[in-house]
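Only one structure is covered here, and it is reproduced in the block below.
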Amino acid sequence: MDLSFSPAEEAFRTELRAWLAANVPSPSLPSGDTAEGFALHLEWERKLFAARYAVVSWPEEFGGRDASLWEWLIFEEEYWLAGAPQRVTQNGIFLLAPTIFEFGTSAQQHAILQKMACGEQTWCQGWSEPNAGSDLAGISSTATRDDADDGWRLNGQKTWTTRGAFCTHLFGLFRTDPSAERHNGMTYLLVDLDQPGITVRGVERLDGDEGFAEVFFDDAFVPDSMVLGEVNKGWGVAMATTGSERGLTLRSPGRFLATAHKLIDLAQQLPHDATPELRDRITQAWIDAQAYRWQTFWTVTKLVEGGHTGPESSMVKVFWSELDVELHEIALDLLGPHAELVDGEFAHWMKGYQFALSGPIYAGTNEIQRNVIAERVLGLPRK
Amino acid sequence: MDLSFSPAEEAFRTELRAWLAANVPSPSLPSGDTAEGFALHLEWERKLFAARYAVVSWPEEFGGRDASLWEWLIFEEEYWLAGAPQRVTQNGIFLLAPTIFEFGTSAQQHAILQKMACGEQTWCQGWSEPNAGSDLAGISSTATRDDADDGWRLNGQKTWTTRGAFCTHLFGLFRTDPSAERHNGMTYLLVDLDQPGITVRGVERLDGDEGFAEVFFDDAFVPDSMVLGEVNKGWGVAMATTGSERGLTLRSPGRFLATAHKLIDLAQQLPHDATPELRDRITQAWIDAQAYRWQTFWTVTKLVEGGHTGPESSMVKVFWSELDVELHEIALDLLGPHAELVDGEFAHWMKGYQFALSGPIYAGTNEIQRNVIAERVLGLPRK
Amino acid sequence: MKFSFTDDQDAFHDAVRDLLAQRCTAAKVRAAWSNRTGRTPDAWSALSEMGVLDALRPESDGGLGLNEVDVIRILEATGRVALPEPIVETMMVAAPLNLASVGQSASVTIPESPLAPWANSTDVVISLAADGLRAHAAAAITCTSRGSVDGARRLFQVALDDVAVASTHVAIAFRRGVLGYAAQLCGLSDTMLALTVEYAKERKQFGVPIGTFQAVKHQLANARIKLEFARPLVYRAAMSLATNDPAASMHTSMAKAVAGDAAMASAKASLQCHGAIGYTTEHDLHLYMKRAWALNAAWGDAAWHRRRISNVLLSDAQ
Amino acid sequence: MKFSFTDDQDAFHDAVRDLLAQRCTAAKVRAAWSNRTGRTPDAWSALSEMGVLDALRPESDGGLGLNEVDVIRILEATGRVALPEPIVETMMVAAPLNLASVGQSASVTIPESPLAPWANSTDVVISLAADGLRAHAAAAITCTSRGSVDGARRLFQVALDDVAVASTHVAIAFRRGVLGYAAQLCGLSDTMLALTVEYAKERKQFGVPIGTFQAVKHQLANARIKLEFARPLVYRAAMSLATNDPAASMHTSMAKAVAGDAAMASAKASLQCHGAIGYTTEHDLHLYMKRAWALNAAWGDAAWHRRRISNVLLSDAQ
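Residue numbers (the working numbering), protein chains in the order written: chain A, 11 to 393; chain B, 11 to 393; chain C, 15 to 332; chain D, 15 to 332.
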């Protein structure tokens with residue numbers, strides 16, 4: 011057991027910290043989930059890319075630094091601690107990219123990855139449909155073979171597509187075998203949203219931002235070159251990476267460590283006897299952020315040593331999503347009458363609370379995750 | 011709305027309080043869930059009966075005072091506040107008696123009720139069986155017609171029979187129609203345990219007392235006169251009273267008000283800065299005890315005005331059982347290293363904690379109650 | 015002991031409930047989010063005509079001369095529809111003390127917060143301060159707009175001059191306001207749970223309505239239990255105010271604490287059971303949820319009121 | 015960064031685990047409840063022979079010269095079987111500081127409590143006091159028996175005379191003890207959850223195994239999550255002690271707090287999912303559950319350790 015970072019890792023942290031101190035925008039950018047804010051965030055992404063901080067863990071040829079998982083965790087800790095902007099590219103770089111690295115052809119990798127990393131292509135997810143939320147296997151959007159054009163014709167609708175109104179591309183599952191059911195007969199497609207057969211309608215999210223979109227497909231086209239993995243085997247492609255080492259990238263501990271720090275700062279800012287009853291909850295939330303950090307280090311060590319993660323990732327998702335809600339609830343309790351404000355110096359807490367409330371819902375509701383934990387970690391019977 | 015008690019009710023309270031002050035045993039009796047303690051508790055019950063405090067809400071002819079529900083609630087508040095002994099007769103007087111008042115023949119009422127009230131007959135429940143716990147309709151013990159003796163022959167096994175090792179009688183459901191299934195074809199029988207065909211085996215409970223029993227039936231006999239309600243309609247008899255006005259008698263608010271008082275006394279006893287973090291939980295638990303009191307007053311007013319309670323009683327059961335656990339958990343946290351002790355001045359908290367933990371399990375697990383609330387109070391679909 | 019309402023009280027409540035069902039639909043609340051004042055003038059004028067706003071004003075001053083018990087469920091009904099109006103401020107704080115004239119509306123600030131709801135469209139702004147109670151003609155004060163998470167609840171930071179009026183009434187005015195907010199929170203819980211039950215019956219996943227899943231059932235049952243045990247404390251506190259019970263301050267704090275907790279729990283369970291659809295502003299849930307968040311925070315949140323109670327209960331501590 | 019154990023550490027742990035599986039079965043723990051000392055001499059002597067008790071004692075003094083990381087999972091394994099022995103006191107407190115001789119057993123009291131487990135059958139009784147650390151020959155002290163909810167954990171209130179030994183070691187001895195209890199609590203959680211999963215697979219109600227109900231699944235999942243995030247903090251605290259990390263005190267308090275919470279949650283979920291059968295002493299669950307209650311309370315419960323952390327984190331408060 012060695013719980014210190016190497017000199018190279020510490021140097022990486024030091025260099026990064028200095029760069030962030032010099033470059034993180036102040037005041038903060040407006041929300042990246044609005045058209046105007048999205049554009050400003052893409053500017054920031056280009057700056058990150060230029061400094062080779064956009065995708066530190068990727069190979070150098072695609073704009074990364076070949077950074078280790080440890081360096082990636084350091085990056086995340088420093089990034090969020092510095093109060094740097096949200097990553098509007100995240101669904102591409104954190105969710106699609108690992109799948110492309112694993113399943114994509116070399117041509118796909120070269121066509122997509124660097125453009126994604128520098129913000130030239132922005133990717134949104136196309137999983138959920140009106141009747142396929144928690145029950146993802148209920149997808150009914152279709153991709154029909156178009157031999158004439160060597161590709162596929164898409165029809166149907168995707169929904170709850172985060173930042174779908176601003177992105178250039180979408181990745182998701184479509185039914186390619188109409189005779190198959192549930193998890194079978196779906197294909198993982200990479201779709202250019204800028205084409206005639208596609209209509210994107212922004213949907214206002216809880217916090218007032220147009221962060222969601224509905225995407226309608228009316229004979230839209232995807233060429234064969236944009237099929238990821240095998241035709242009709244899309245479910246496997248989509249699932250294979252969820253438990254992989256990059257699965258931990260959705261919400262790294264760095265975010266919650268930073269929020270816990272901010273919460274303690276907030277508590278210290280208030281009259282010292284204002285809320286003795288909240289001390290215990292503040293401390294527990296801070297401990298939980300530490301626990302997440304060390305549970306991650308434990309997992310990453312296993313990965314680095316050649317192991318892999320499995321259904322344990324469901325525990326991680328429940329833990330961080332509920333910790334995030336708790337951190338913000340404590341802050342709102344500390345703020346008292348100021349909690350409801352969405353302007354002024356404390357507004358980010360109510361904004362953050364609303365964002366945190368999406369955590370137990372998206373990426374598989376926590377109810378689904380708890381089923382997975384019970385069945386696949388504990389071994390309880392499915393039915 | 012009138013939230014005061016009448017002069018007669020206040021007089022009842024005053025007289026009762028004085029009687030309790032003069033008569034409640036000190037030091038406390040040993041646990042009534044041991045053979046020795048049970049005998050001492052029966053002595054106490056006889057004393058209560060002599061003073062007409064054993065069953066205040068019953069008609070005078072059976073040893074009661076014809077007390078109103080309000081007086082009964084006052085009785086409970088004063089009784090538990092005075093630190094009076096547990097009621098080892100409770101499964102008879104609170105659970106069986108209301109059923110006998112509703113379904114029993116006059117002969118049954120006169121044969122049983124007064125003997126029950128004075129502790130001459132002590133009654134235990136015979137519902138659960140090894141394969142029928144939460145799923146009460148899974149009962150398989152049988153009562154077979156014995157025309158020769160004008161009665162029924164019992165075979166099978168009951169379990170988790172509280173104080174079964176000390177009681178003289180048992181009430182419960184037995185299958186009388188072998189062709190019927192689930193809720194059908196059962197009969198509510200009143201069984202004398204002192205007969206050759208019955209074997210009672212005490213089972214040690216979590217807290218070390220022999221509070222449970224297994225009861226084995228091997229051609230035991232029940233005469234027709236001890237069938238409560240109609241043959242084969244026992245399920246209806248058993249269920250009809252659970253939602254009735256007496257359904258609230260299982261655990262009245264008085265118990266939890268008394269425990270909340272004791273908790274505050276305990277907190278005041280400790281150094282005043284010992285546990286600032288626990289203040290919020292102490293206060294919330296105290297408020298919850300108050301909330302239970304007023305929710306009961308609300309319900310009782312409805313009953314007195316001719317209404318009746320329904321599935322709302324499931325909310326009550328979840329509420330008091332989880333409040334009881336919380337009250338004791340806070341006490342254990344206050345006690346710190348003394349929490350584990352089962353002797354000395356604080357021992358009753360660990361003893362009480364163990365008892366409280368049975369609350370979410372017995373009388374229908376809280377999981378079952380929550381299903382009932384969801385389906386019958388909120389109207390969510392069963393399947 | 016009779017812990018229930020009279021037929022007259024029932025009738026008054028039912029009339030107001032029916033009126034609000036017409037005049038304060040979800041569509042009208044939604045419209046208020048984007049109108050100038052955030053308010054629903056139709057509903058307000060109807061309430062005024064019915065005498066609701068002046069229910070607690072003495073009859074000699076042109077009111078109905080009713081008490082807190084008479085109106086507590088009316089306030090609950092205004093919560094149930096998320097009425098975007100200063101009803102608590104006007105009916106509970108201003109009218110009983112004659113701090114606004116008949117027909118006038120009022121906004122109120124409390125010592126802990128300079129935020130006055132709808133202060134740019136009310137006739138009077140009242141400040142409750144530790145040392146006194148002050149009423150100001152709205153025209154005479156300076157309002158700075160602040161954003162509430164609830165888009166219909168227009169907040170203003172007000173700078174007030176110092177004209178003490180009746181310091182002995184500060185405590186009673188504060189309790190009435192707290193009680194009013196507590197009642198509204200109960201009504202909001204009702205609506206959120208009702209919306210969610212309807213959704214859970216209809217929404218299917220894995221081939222069945224999601225309302226058949228125990229995980230959904232139990233979340234909603236838990237919220238419903240909280241509401242069941244909150245409401246009686248709210249009604250009890252109303253009676254305490256109506257009868258000048260010496261423990262009225264404790265009782266109103268208990269009411270606000272439990273009603274706030276129940277509403278926060280109802281909001282959280284409702285959002286979770288709705289899933290993504292509840293996370294959009296296209297669905298009505300957010301109208302009620304955001305009001306619940308705002309009203310829980312205002313006039314002392316649950317933790318704040320528990321602390322007041324702690325200071326009485328645990329006298330030797332802190 | 016390498017947050018995992020070495021092959022040697024794994025091998026040592028596995029050997030002890032296998033030994034305990036033989037020598038400390040549930041039946042043997044149950045037997046200890048009614049024997050004279052509450053202990054399991056077979057297991058103890060085997061651990062002594064393997065050198066486990068003296069693992070942290072310097073090699074020069076006849077020990078194995080290992081550190082806290084080397085033994086942390088061994089302590090966890092002793093928790094997993096609810097070993098009724100003063101292993102934490104002997105191995106973590108007495109041996110490293112040479113407060114007992116090789117082969118001797120020790121009992122320990124802390125400033126917050128005069129209760130010493132198994133003090134009538136150990137060779138040495140050590141008291142950690144604010145102003146110093148004292149070791150006493152067991153024969154020289156007066157023991158008054160006290161009852162623990164855990165029948166194998168024999169407690170004694172000890173009256174000790176005053177012979178200070180090495181005050182600078184009080185803090186380190188305390189941390190080692192806290193860490194040992196934290197590790198045992200993790201092991202106990204493991205066992206309680208494993209027992210419950212087995213039961214929930216087999217026990218049928220309503221025609222299906224109760225483990226298929228979401229209400230059962232989610233309760234157990236919640237406890238399992240707590241354990242998942244507790245264990246790494248326990249291992250991290252072990253490393254902090256092994257490397258004299260300046261934050262070792264924080265780390266051990268965090269470990270005890272989260273391990274205690276996880277064990278309490280595991281106990282509660284396990285009992286609830288077992289139902290009445292778990293509420294009897296005939297079922298083994300209670301052996302582990304009561305140990306969990308006792309060890310959570312001893313050496314500072316979760317709330318107490320969080321308070322220590324609060325005092326560092328929230329420096330200007332209180």
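Cβ atoms here follow ideal geometry from the backbone N, Cα and C, with glycine treated the same way.
- Under the 8 Å criterion on CB atoms, Q286 of chain C is classed as non-interfacial with respect to chain D.
- Within chain C, the residues whose beta carbon sits less than 7 Å from that of M360 of chain A are V163, listed in sequence order.
- Going by C-alpha positions, L199 of chain A is about 43 Å away from E377 of chain B.
- Chain-ordered, the chain C residues with CB closer than 7 Å to the CB of Q228 of chain D read F227, Q228 and A229.
- Per DSSP, K243 of chain B is not a residue of any alpha helix (DSSP H), being assigned neither H nor E.
- Of all residues in the segment 274-291 of chain A, the ones placed with a Cβ closer than 8 Å to any Cβ belonging to chain D are I274, A277, Q278, H282, D283, P286, R289 and D290, in chain order.
- Our two residues, D56 of chain D and P370 of chain B, have alpha carbons roughly 39 Å apart in a direct line.
- Distance between H232 of chain D and L367 of chain B, taken at the CA atoms: about 19 Å.
- In the displayed model, P72 of chain C falls within coil according to three-state DSSP, outside both helix and strand.
- Secondary structure note for A64 of chain B: it is in no beta strand (DSSP E), with a DSSP letter that is neither H nor E.
- Think of a sphere of 9 Å around the beta carbon of E81 of chain A: no beta carbon from chain C falls inside it, the nearest being about 34 Å out.
- The Cβ-Cβ distance between G161 of chain A and G289 of chain C does not fall below 8 Å.
- Under the DSSP assignment, M11 of chain B falls outside any beta strand (DSSP E); it carries neither an H nor an E label.
- Distance check between T39 of chain D and each of D:T54, D:D28 and D:F170 places D:T54 closest, using alpha-carbon atoms only.
- Within 10 angstroms of the beta-carbon of S267 of chain D lie 16 or more other beta-carbons, which makes it buried.
- C-alpha of T169 of chain A to C-alpha of V210 of chain A: approximately 10 Å in a straight line.
- Under the three-state reduction of DSSP output, D202 of chain A falls in the strand class.
- Chain-order list of chain D residues neighbouring L13 of chain A: M15, K16, F17, R250, M253, S254, T257 and D259, by C-beta distance under 9 Å.
- The continuous alpha helix (DSSP H) containing H265 of chain C extends over residues A262 to H288.
- Beyond the five residues adjoining it in sequence on each side, A256 of chain D comes within less than 7 Å, by CB distance, of N81, E82 and V83 in the same chain, given in chain order.
- Annotation for P131 of chain D: the continuous beta strand (DSSP E) segment containing it runs L129 to P131.
- Bridge partners of S159 of chain D according to DSSP: D:F170.
- Pairing T197 of chain A with P206 of chain A, the inter-Cα distance amounts to about 22 Å.
- For Q364 of chain A, the secondary structure class from DSSP, reduced to helix, strand or coil, is helix.
- Taking C-alpha positions only, N112 of chain C is separated from L193 of chain C by approximately 19 Å.
- Here P188 of chain B is not near Q167 of chain B, since their CB atoms are 8 Å or more apart.
- For a Cβ distance threshold of 9 Å, nothing in chain B lies close to I155 of chain C: the least Cβ distance comes to about 37 Å.
- By alpha-carbon distance to G114 of chain A, the top candidate from A:A250, A:W308, A:L39 and A:E385 is A:A250.
- Contact note: P347 of chain B reaches chain D through E126, S127, L129, A311 and A312, using a C-beta cutoff of 7 Å and chain order.
- In this structure, DSSP gives R211 of chain A an extended state, which the three-state scheme calls strand.
- Taking C-alpha positions only, G79 of chain D is separated from F19 of chain D by approximately 17 Å.
- With a threshold of 8 Å between beta carbons, V382 of chain A makes no contact with chain C.
- The Cβ atoms of I274 of chain B and W304 of chain B lie no closer than 8 Å to each other.
- Rounded to the nearest angstrom, the Cβ distance from A154 of chain D to D137 of chain D is 11 Å, too far for a contact under 8 Å.
- When DSSP states are grouped into helix, strand and coil, C134 of chain A belongs to the strand group.
- Under the three-state reduction of DSSP output, G374 of chain B falls in the coil class, being neither helix nor strand.
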